[in-house]
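Colleague:
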Amino acid sequence: MLTFEYRGLGEAPVLSDYQETWDYQREVHSAVASDDRPGHVIFVEHPPVYTAGRRTKLTDYPKDGTPVVAVDRGGEITYHGPGQLVGYPIVHLLDGVGVVDHVRAMEAAVIALLDGYGIVSGRVEGRTGVWLPAGGGRPERKICAIGVRVTRRTALHGFALNVLSSAERFGNIVPCGISDAGVTSIVEELPGTWTVAGVAHDLEPHLREALSRISH
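The numbering of the sequence shown is the working numbering, which starts it at 24 and goes up by one.
1. For the alpha helix (DSSP H) containing V120, list its first residue and its last residue.
2. Quick one: Cα of E163 to Cα of S235, how far?
3. Give the secondary structure of T44 by DSSP, where H, G and I count as helix, E and B as strand, and everything else as coil.
4. Alpha carbons only, please: which of P214, A178 and L187 is nearest the one belonging to A223?
5. By how many angstroms is the C-alpha of T177 removed from the C-alpha of P228?
6. Report the rounded CA-to-CA distance for A183 versus G158, giving the unit in angstroms.
7. Could you have a look at H63 and say whether DSSP puts it in helix, strand or coil?
8. Is the beta carbon of G31 sitting closer than 7 angstroms to the one on G110?
9. Report the residue from T218, G205 and L137 whose alpha carbon sits nearest the alpha carbon of L230.
10. V153 by DSSP, collapsed to three states: which one?
11. Alpha carbon to alpha carbon, how far is T101 from V92?
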């Protein structure tokens, strides 16, 4: 039975420190990998921070003084901050299910969520995450970044879905090492009154369905 935790996403939202959340994530991962608890999804919203995956070069680091945390996921550098829904699905993968299958499951859940909002999105060959197609004078643009690690057949890290705009922060780096495309958010594509917590609740059933096919 997959459980969900809205960490800090209550009626009075509280930003979750990245390092503290990372420590907590590893505690949950240890328990899930040992079959001491079911798979668990942590939804959070972080204060401004950049996380550097294993392929990040020192020259990619931002110069604006925002904290950078080196992490053990794949990929390069990306930004987390207010207005972004970060999800950490910590799940025990079924035999025969690999990292790519897990990434595709998360992508499918986000694509289904956005489709329900009336935002057309999809995948780009050779790149992870969820993208909007080029059009109207705008390039392909990423709305959801994904980076994971699997150890002891159990996944950790996850995805970052841009709900509100953080364009100025992404402008300090080459997000995920991709220089020929843009970054966008739900509110930029479909103006309205959006909240990170509201989007998290809308995403839960899609994520539950997608992850149930690849984990136990």
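The beta carbon of each residue, even a glycine, is placed where N, CA and C say it ideally should be.
Modeller: Reading it off the structure:
1. Here residue 120 is taken as the residue at index 97 of the sequence shown, counted from 1. From DSSP, V120 is part of no alpha helix (DSSP H); its letter is neither H nor E.
2. Your numbering for residue 163 matches position 140 in the sequence shown. Your numbering for residue 235 matches position 212 in the sequence shown. Going from the Cα of E163 to the Cα of S235 covers about 30 angstroms.
3. Position 21 of the sequence shown, counted from the first residue, corresponds to residue 44. The answer is helix: DSSP assigns T44 an H, G or I state.
4. Position 200 of the sequence shown, counted from the start, is the residue given in the question as residue 223. Answer by Cα proximity: L187.
5. Indexing the sequence shown from 1 puts residue 228 at position 205. Indexing the sequence shown from 1 puts residue 177 at position 154. Answer to the nearest angstrom: the Cα atoms are 21 angstroms apart.
6. Taking the first residue of the sequence shown as position 1, residue 183 is located at position 160. Taking the first residue of the sequence shown as position 1, residue 158 is located at position 135. A183 and G158: Cα-Cα distance of roughly 23 angstroms.
7. Locating residue 63 in the sequence shown gives position 40, counting from the first residue. Residue state, collapsed to three classes: strand.
8. The residue labelled residue 31 in the question sits at position 8 within the sequence shown. The residue labelled residue 110 in the question sits at position 87 within the sequence shown. Going by C-beta atoms, G31 is not nearer than 7 angstroms to G110.
9. For the purposes of this step, residue 230 is taken as the residue at position 207 of the sequence shown. Answer by Cα proximity: L137.
10. Looking up residue 153 in the sequence shown gives position 130. Three-state DSSP puts V153 in a strand.
11. The sequence position of residue 101 within the sequence shown is 78, counting from 1. The sequence position of residue 92 within the sequence shown is 69, counting from 1. Looking at the two C-alpha atoms, the distance is approximately 10 angstroms.
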